[in-house]
Amino acid sequence: MRASTIFALCLALLVGLAAAVVNRLVNFKPPVAEVKVATPSVLVAGRNIFAGDLIQPAWVKVRPMRPEEEASFAKTKDLLLPPVAEAVYLRVALANLRADEPILKDHLQEFAKPESLSKRLLPNARAVGVAVSKDRCAGGLIQVGEWVDVLLTSVIDHGEGSPVATQTAVICPRVRILAKRNQLWPVFQAISENEVQFTLELNTYRASLMEFARTKGALSLVPVSSIEQSRLETRRKDLLEQGVAGRLVSLSSESGEDTEEEKRIAKISTGDSSVGQDDLARIFALKPIPA
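Using the working numbering, the letters of the sequence shown map in sequence onto residues 203 to 493.
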C-alpha cells in the first residue's frame with residue numbers, strides 16, 4: 203500500500219475522532235441533580251397542656267410537618283409560631299392542647315405581661331401575702347380566684363386560774379385569693395413540701411388584723427363551697443363594674459357587726475385606730491382585757 207494511501211487513511215481517522223470529540227463536547231448535557239424540597243418544621247405540644255397554664259419551653263418540641271398538615275396550613279401559615287421552643291416562653295395557653303398538636307398563635311392568650319396586683323384589687327382593698335403550711339391550706343390545692351376563710355389557732359390564757367387552752371376562730375371570713383407562689387403568672391407545677399405562699403384581698407382593717415394575728419398563732423386557709431364562691435364572685439364583679447368600694451367581709455346586719463366593721467375600716471384608713479389584743483379578744487369571744 204502506498205504511503206500516500208496510508209497517510210490519507212490516518213488523516214481521515216484523526217478527522218473522524220476529532221469530529222466525534224467536538225460533537226460530544228457541543229452536545230454534552232450534565233446530569234440534572236434532583237432538587238429535594240426541605241420539609242418545613244412545626245412547633246407542637248410535647249405533652250398535654252391545659253388552658254390557663256403558663257407554658258414552659260420544656261413542654262413543647264419541634265418536628266417535621268406532616269403532609270396533611272402542610273395542606274391544612276398552606277393558606278394559614280401566618281398562624282404558625284416560629285419552630286423554636288422559646289416561642290412559647292412566658293406565654294399562657296388559651297385552649298387545651300393535646301400532645302403532638304401544632305401550636306398556633308390563636309391557641310395562646312394575648313402577648314402581654316400579667317395584670318399587676320393593684321389592678322386586680324377592688325377599690326380601697328389591700329393585698330396581703332401569707333405563707334401557710336400544706337396541712338393548713340387544703341394541701342396547697344387552693345387556686346387563684348377561689349375564696350377562703352382565714353382561721354387563727356392560738357393558745358389562749360383565760361386567766362383567773364383557768365387552764366391555758368388552744369382555740370381557733372375565723373379572723374377574716376370570705377377572702378379572695380389574688381395570687382399564689384408569689385407569682386403573677388399562672389404557674390402550673392407540683393406543690394412545694396414547704397410553705398405555700400398566697401396573696402389575699404382584704405379591706406384595710408382586716409389587712410391590719412392579719413398582720414397582727416400572724417404573730418399570735420398559726421393561720422389556716424379553708425375554701426368555701428362552690429355555690430358560695432359563685433355568689434361572692436358575682437357580687438365582686440358587680441362592684442368592679444361599678445367602680446365602688448364594697449364591703450369585702452359580709453357580716454351580720456342584725457347584730458350590727460356590719461356597721462361596726464365599716465367604723466373599724468374608717469378608723470384604720472385614717473390612722474385614728476390600730477389593731478391589737480382587744481380585736482382578737484372580741485373575735486375569740488374572750489373577756490375584756492383588764493386595764
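Cβ coordinates follow ideal geometry from the N, Cα and C atoms, glycine included.
Owing to the predicted nature of the structure, the values given are computational and were not obtained by experimental measurement.
Put residue i into one of helix, strand or coil per three-state DSSP.
i	result
W349	strand
S422	strand
Q431	helix
L488	coil
S356	strand
A415	helix
A295	strand
L343	coil
Q154	Nothing about residue 154 can be read from this structure; the chain reaches only from 203 to 493.
I305	coil
I393	coil
L283	coil
Between residue i and residue j, is the Cβ-Cβ spacing less than 8 Å?
i	j	result
D255	F400	no
V244	V262	no
A415	I358	no
V290	P259	yes
H309	L323	no
L380	E403	yes
R328	A276	no
V346	V398	no
I393	G473	no
P266	I344	no
Going along the chain, which residues of its own chain have a beta-carbon closer than 6 Å to the beta-carbon of residue i, five neighbours each way excluded?
i	result
Y407	R466, I467 and I470
F252	N298
T355	T370, G419 and A420
To the nearest angstrom, how far is it from the Cα of residue i to the Cα of residue j?
i	j	result
E272	D280	13 Å
Q431	E464	23 Å
P242	V264	10 Å
L411	S427	24 Å
R378	Q311	23 Å
P269	I257	27 Å
L353	I429	21 Å
E413	V286	46 Å
K336	T278	47 Å
L306	N250	15 Å
Q479	P388	37 Å
K315	E459	40 Å
H360	V477	20 Å
Considering residue i, what are the terminal residues of the alpha helix (DSSP H) in which it resides?
i	result
R322	L319 to R322
F400	Not the alpha helix (DSSP H): F400 falls in the beta strand (DSSP E), residues V398 to L404.
A273	P269 to S274
Beta strand (DSSP E) containing residue i: first to last residue?
i	result
S476	Neither: S476 is in no beta strand (DSSP E) and is coded neither H nor E.
Q369	A367 to K382
A247	S243 to A247
V330	R328 to V334
R265	V262 to P266
Hey, would you say the C-beta of residue i is under 7 Å away from at least one heavy atom of the ligand FMN?
i	result
T461	In the structure shown, the ligand FMN is absent, as is every other ligand, since no ligand is present at all.
Leaving out five residues before and five after residue i in sequence, what residues of the same chain have Cβ atoms less than 8 Å from its Cβ?
i	result
S318	L386
F486	S356, I358, Q369 and A371
Within a Cβ cutoff of 7 Å, which residues of the same chain sit near residue i, ignoring the five residues on either side of it in sequence?
i	result
L497	Because the chain here runs from 203 to 493, residue 497 falls outside it and cannot be looked at.
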